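Adding 605 to a residue's 1-based position in the sequence shown gives its number in this note's numbering.
Everything below concerns the one structure shown next.
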Amino acid sequence: GTLWGARIQFTVPMLNALAFVSMFVIGGLSGIFMASTPVDIYIQDTYFIVAHIHYVVFGGSIFGAFAAIYYWFPKMFGRMTNTVLGHLHFWPTFVFFNLTFFPMHIIGVGGQMRRIYNPTQYEFLQHQQHWNVFITYSALALGIAQIPFVINFFWSLFAGKKAPLNPWNANTLEWTAQSPPPHLNWGPTLPTVYRGPYEYSSPESKEDFLPQSTPPVGAAGARRH
Numbered sequence: 606g607t608l609w610g611a612r613i614q615f616t617v618p619m620l621n622a623l624a625f626v627s628m629f630v631i632g633g634l635s636g637i638f639m640a641s642t643p644v645d646i647y648i649q650d651t652y653f654i655v656a657h658i659h660y661v662v663f664g665g666s667i668f669g670a671f672a673a674i675y676y677w678f679p680k681m682f683g684r685m686t687n688t689v690l691g692h693l694h695f696w697p698t699f700v701f702f703n704l705t706f707f708p709m710h711i712i713g714v715g716g717q718m719r720r721i722y723n724p725t726q727y728e729f730l731q732h733q734q735h736w737n738v739f740i741t742y743s744a745l746a747l748g749i750a751q752i753p754f755v756i757n758f759f760w761s762l763f764a765g766k767k768a769p770l771n772p773w774n775a776n777t778l779e780w781t782a783q784s785p786p787p788h789l790n791w792g793p794t795l796p797t798v799y800r801g802p803y804e805y806s807s808p809e810s811k812e813d814f815l816p817q818s819t820p821p822v823g824a825a826g827a828r829r830h
């Protein structure tokens, strides 16, 4: 609802957030097949289940965690992460995640069971071996794709660009505090709140965002909440 018709800024946190939503949806849709007993009898304990759970767990947890780390990094440490390294981490991760786990749907429907050392010992699975090799190389590439994230995290921690007060043009109060926040968050003086945290494209502002602490016109005597 909030993305449809919006002017989306494809920052690294947003890319990871969109990946989280889209991959989790794929995982959820594949779960519908398992809810059908005639289908589930066939695919239960196959690699279709492995594919489903990884789209839910990786898509619903790891991409969400990456989005949160990139988004909150400037607030936690007062420095920005490197955007180039962020993209170098996100795109290979997104691509090789799908190349690793989506083919598991195929070999699962083909009957490949979980927890077997050598699927080629079964004649009816031998024609799918090329998918197993493909998945292995994709998984290795997925692991290698995390190297830019590790480099980005520690390099930015000590040498990243100083974070501005509100790098994401957010409305909420935490982005009115210094980064990292001092004791008591805002110090001795609390901010004045004039509106809710999710008021975007307000006619009161020329910008597409309007922080909670920005006073409206003629609000000199506004009450603090």
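In this text, a Cβ means the ideal position worked out from N, Cα and C, and glycines have one as well.
Just so we're clear, the structure is a prediction, and the values are computed from it rather than from any experiment.
- The secondary-structure analysis by DSSP pairs Arg-719 with nothing; it has no beta-bridge partner.
- The beta-carbon distance between Leu-620 and Phe-702, rounded to whole angstroms, is 13 Å. This is too long to meet the 8 Å contact definition.
- By the Cβ test, the segment 669-689 is not in contact with the segment 727-744, since fewer than three Cβ pairs between them sit closer than 8 Å.
- Taking 4 residues as the shortest admissible run, the segment 708-781 contains the following complete alpha helix (DSSP H) segments, listed from N- to C-terminal end: 734-749 and 752-764.
- Following the DSSP letters along the chain, one finds Trp-677 inside the alpha helix (DSSP H) bounded by residues 668-682.
- Contact between the segment 714-724 and the segment 635-654 is established, with three or more Cβ pairs separated by less than 8 Å.
- Between the segment 658-666 and the segment 756-763 there are fewer than three C-beta pairs closer than 8 Å, too few to call the two in contact.
- No Cβ-Cβ contact shorter than 7 Å links Pro-769 with Tyr-799.
- Note on geometry: alpha-carbon atoms of Gln-751 and His-692 lie some 11 Å from one another.
- Between Lys-811 and Val-700, the alpha-carbon positions lie close to 38 Å from each other.
- Following the DSSP letters along the chain, one finds Leu-623 inside the alpha helix (DSSP H) bounded by residues 617-639.
- The alpha-carbon separation between Thr-741 and Gly-748 amounts to approximately 11 Å.
- In terms of CA proximity to Glu-804, Leu-778 leads the group Phe-754, Leu-778 and Pro-786.
- For Asn-723, the closest C-alpha among the options Asn-737, Gly-713, Pro-786 and His-710 is that of Asn-737.
- Note on geometry: alpha-carbon atoms of Thr-705 and Thr-794 lie some 52 Å from one another.
- Between Pro-816 and Asn-776, the CB-CB gap stays under 7 Å.
- Counting only residues of its own chain and dropping the five nearest sequence neighbours on each side, Pro-802 has a CB closer than 7 Å to the CB of Asn-776, Thr-777 and Gln-817.
- Residues Pro-679, Gly-765, Lys-766 and Ala-768 of the same chain have their beta carbon placed closer than 6 Å to that of Met-685, with the five preceding and five following residues left out of the count.
- Under DSSP, Thr-651 takes part in a beta bridge, and its partners are Met-718.
- The residue among Ala-624, Phe-625, Asn-757 and Gly-633 with its C-alpha nearest the C-alpha of Leu-690 is Asn-757.
- Annotation: Tyr-647 to Gly-683 spans about 53 Å, alpha carbon to alpha carbon.
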